[in-house]
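Everything below concerns the one structure shown next.
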Amino acid sequence: MNIVFGILGVAAGAVIVAKSEWIVQNFGSAEWAEQHMGSSGGSRLLYKLIGLAIILFSFLSLAGLMDNILLGIFGRLFTGFAQ
Numbered sequence: 001m002n003i004v005f006g007i008l009g010v011a012a013g014a015v016i017v018a019k020s021e022w023i024v025q026n027f028g029s030a031e032w033a034e035q036h037m038g039s040s041g042g043s044r045l046l047y048k049l050i051g052l053a054i055i056l057f058s059f060l061s062l063a064g065l066m067d068n069i070l071l072g073i074f075g076r077l078f079t080g081f082a083q
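Numbering (my numbering) for the sequence shown: 1 to 83.
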């Protein structure tokens, strides 16, 4: 099941990266991204970065590394869950 969700995540991230212009046209631009990430392409860049993050986390999930990384980052908050 982990493989199926990982492949779906990679596909969804790839669609977000490839269709960022369509997303901007249909859902509008993000004002924060336009101010801080560029003059007219900030929203497109934001959507592409979100898509890349989804792809990265999906590959980490496929490789079985997601829980190790999350425990490494947030392990001190949840000491009872650490192995």
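Cβ atoms here follow ideal geometry from the backbone N, Cα and C, with glycine treated the same way.
Helix, strand or coil for residue i per DSSP?
| i | result |
| --- | --- |
| PHE5 | helix |
| SER40 | coil |
| LYS48 | helix |
| ALA30 | coil |
| LEU62 | helix |
| LEU77 | coil |
Beta-carbon separation of residue i and residue j under 7 Å?
| i | j | result |
| --- | --- | --- |
| LEU62 | GLY6 | yes |
| ALA33 | SER43 | yes |
Using the C-alpha atoms, what's the distance from residue j back to residue i?
| i | j | result |
| --- | --- | --- |
| ALA30 | GLY13 | 18 Å |
| SER58 | MET1 | 13 Å |
| LYS48 | VAL24 | 11 Å |
| LEU45 | MET37 | 7 Å |
| LEU8 | MET66 | 16 Å |
| ALA11 | LEU60 | 14 Å |
| PHE27 | ILE50 | 15 Å |
| THR79 | GLY64 | 21 Å |
| ILE3 | GLN35 | 38 Å |
*Pairing CB atoms from the region 44-59 with CB atoms from the region 16-23, are three or more of them under 8 Å?*
As far as the Cβ criterion goes, the region 44-59 touches the region 16-23, which means the pair count is three or higher.
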